[in-house]
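Heads up: the structure comes next, in structure tokens.
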Amino acid sequence: MESNMYILKAYLVYLPLIIGLTFYVSKTLFRSGKMFMLDIFKGKEDIANATNNLFELGFYLLNLGFGLVILKISHYGMNSYQNVLEVLSLKIGGFSIYLGIMLFFNLLLFFRGRRKSKAIEGAITEESVQLS
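Sequential numbering from 280 applies to the sequence shown in the numbering used here.
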């Protein structure tokens, strides 16, 4: 029974932390990412916002889903606060690394979209010059 209390307390720490981390990283990334989207879509705010919102929703679903998938901690033998702290640091540390990887993956997508947008814009400009 005592082990169950440790597990419950660990969940009460873990869940708010992964949710808070996910929301913080997401809001920071997509607030800044909006500028990339506006650049990619050449100032068309409606499509840039819609695309940014869809990326943000996907980010939430992937990260919160992963955080819930790795939630189980009962098989770690929780019998002291030391075990709780060690397991929580393992889980939250692993989740933070995963969030960092997802952040950089999203940045890669933003930069790639921006580069392709500029390449298409450059090709159109060259074609216009050749036609005139």
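Beta carbons: idealized from backbone N, C-alpha and C, even for Gly.
Beta-carbon contacts of residue i that lie in its chain and below 7 Å, excluding the five residues immediately before and after
i    : result
Y303 : none
S305 : E335, F338, Y339
Chain-order list of residues whose beta-carbon lies under 6 Å from that of residue i (same chain, five-residue window excluded)
i    : result
R355 : Checking the sequence shown, residue 355 turns out to be Tyr, not Arg. If we look at Y355 and ignore the five residues flanking it on each side, its Cβ neighbours are V366.
S396 : I319
Per-residue DSSP class, three states only, for residue i
i    : result
M314 : helix
G356 : coil
F320 : coil
K288 : helix
Spatial neighbours of residue i in its chain, beta-carbon cut-off 8 Å, leaving aside the 5 residues before and after
i    : result
N331 : F309, G312, K313, M316
A289 : I352, M357, V363, V366, L367
Boundaries (first-last residue) of the alpha helix (DSSP H) holding residue i
i    : result
L333 : 324-348
*Mind the definition here: the segment 334-352 touches the segment 375-395 only if three or more C-beta pairs lie below 8 Å; say whether that holds.*
yes
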